[in-house]
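Asker: My structure is below; once you've seen it, I'll send some questions.
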Amino acid sequence: MARPFSFKLEKILEYRRQLEDQAKLALSLTRQQIAEQNLRVEALHKDLEACLLELSRLKQMTQPELWLWSGWRKRLELDKKQAQAKLVELQQLAETRRLELVTKAKDRKLLEKLRAKQAEKHGQEEQRKEQKEFDETGTLRHGRTPY
Numbered sequence: 001m002a003r004p005f006s007f008k009l010e011k012i013l014e015y016r017r018q019l020e021d022q023a024k025l026a027l028s029l030t031r032q033q034i035a036e037q038n039l040r041v042e043a044l045h046k047d048l049e050a051c052l053l054e055l056s057r058l059k060q061m062t063q064p065e066l067w068l069w070s071g072w073r074k075r076l077e078l079d080k081k082q083a084q085a086k087l088v089e090l091q092q093l094a095e096t097r098r099l100e101l102v103t104k105a106k107d108r109k110l111l112e113k114l115r116a117k118q119a120e121k122h123g124q125e126e127q128r129k130e131q132k133e134f135d136e137t138g139t140l141r142h143g144r145t146p147y
């Protein structure tokens, strides 16, 4: 009777699968944050364009109105720069997490290849043992023939 294959590093393989899943989740969350940040940057860009359009449309402005409009424009420009900086930061984080995911996937695949090789070797060994048993059984039943 053939004994079942038992991979001694099964727990480590399962742990590496979990690490890979966690890395996939982290990358997915970062990509979602990038998409949200892109929307923020676009919204700020549209607000800034609307501000500049409105500013150019108004011909007669008092000094306080001009001061308010310029303050609003400066604030929008600052917000847009900060949003773009955060977007770049998130893109760098996404690249880092992507590289981590690649590393974790390689680690998992390496163990899976080892497991497959050991399983194949185990199967061949069991088949060899079984064939040896059949040969011995056949020899015992029919006796040995002299050479």
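Sequential numbering from 1 applies to the sequence shown in the numbering used here.
Think of the CB as a built atom: it goes at the ideal place given N, C-alpha and C, for glycine as much as any other residue.
Note that the structure is a prediction, hence the values are computed from the model and not measured.
1. As a quick exercise: from Gly71, Leu93 and Gln84, pick the residue whose alpha carbon is nearest that of Thr30.
2. Measuring alpha carbon to alpha carbon, tell me which of Leu68, Gly123 and Leu19 ends up nearest Lys106.
3. Given a threshold of 16 other Cβ atoms within 10 Å of its Cβ, counted over all protein chains shown, does Lys109 qualify as buried or as exposed?
4. If contacts are defined as beta-carbon pairs under 8 Å, then Arg40 and Leu55 qualify, I think. What distance do you get, rounded to the angstrom?
5. Given a threshold of 16 other Cβ atoms within 10 Å of its Cβ, counted over all protein chains shown, does Leu140 qualify as buried or as exposed?
6. Exposed or buried, Leu44, counting other C-beta atoms within 10 Å across all chains shown (16 or more means buried)?
7. Look up Leu9 in the DSSP assignment and say whether it is helix, strand or coil.
8. Whose C-beta lies closer than 7 Å to the C-beta of Leu76 among residues of the same chain, with five residues either side of it excluded?
9. Can you list the alpha helix (DSSP H) stretches of 4 or more residues lying completely in the region 85-145, in chain order?
10. For Ala119, which residues from the same chain have a beta carbon less than 8 Å from its beta carbon, with the 5 sequence-adjacent residues on both sides left out?
Answerer: In short, the structure shows the following:
1. Working through the sequence shown from its first residue, we reach residue 30 at position 30. Of Gly71, Leu93 and Gln84, the residue nearest in Cα terms is Leu93.
2. Taking the first residue of the sequence shown as position 1, residue 106 is located at position 106. Ranking Leu68, Gly123 and Leu19 by Cα distance to Lys106 puts Leu19 first.
3. Working through the sequence shown from its first residue, we reach residue 109 at position 109. By the Cβ-count criterion, Lys109 is exposed, with fewer than 16 other Cβ atoms from all chains shown falling within 10 Å of its own Cβ.
4. Within the sequence shown, the letter at position 40 stands for residue 40. Within the sequence shown, the letter at position 55 stands for residue 55. At roughly 22 Å, the Cβ-Cβ gap does not stay under 8 Å, so Arg40 and Leu55 are not in contact.
5. Position 140 of the sequence shown, counted from the first residue, corresponds to residue 140. So Leu140 ends up on the exposed side.
6. If you number the sequence shown from 1, residue 44 lands on position 44. Classification of Leu44: buried, given that the 10 Å Cβ count is 16 or more.
7. Sequence index remark: in the sequence shown, residue 9 carries index 9 (1-based). DSSP, reduced to helix, strand and coil, places Leu9 outside both helices and strands of the structure shown, so it counts as coil.
8. Within the sequence shown, residue 76 is the residue found at index 76, counting from 1. Taken in chain order, the residues that qualify are Leu44, Asp47, Leu48 and Cys51.
9. Inside the region 85-145, DSSP marks no whole alpha helix (DSSP H) run of 4 or more residues.
10. Along the sequence shown, read from residue 1 onward, the residue named residue 119 stands at position 119. Excluding sequence neighbours, Ala119 sits near Phe5 and Phe7.
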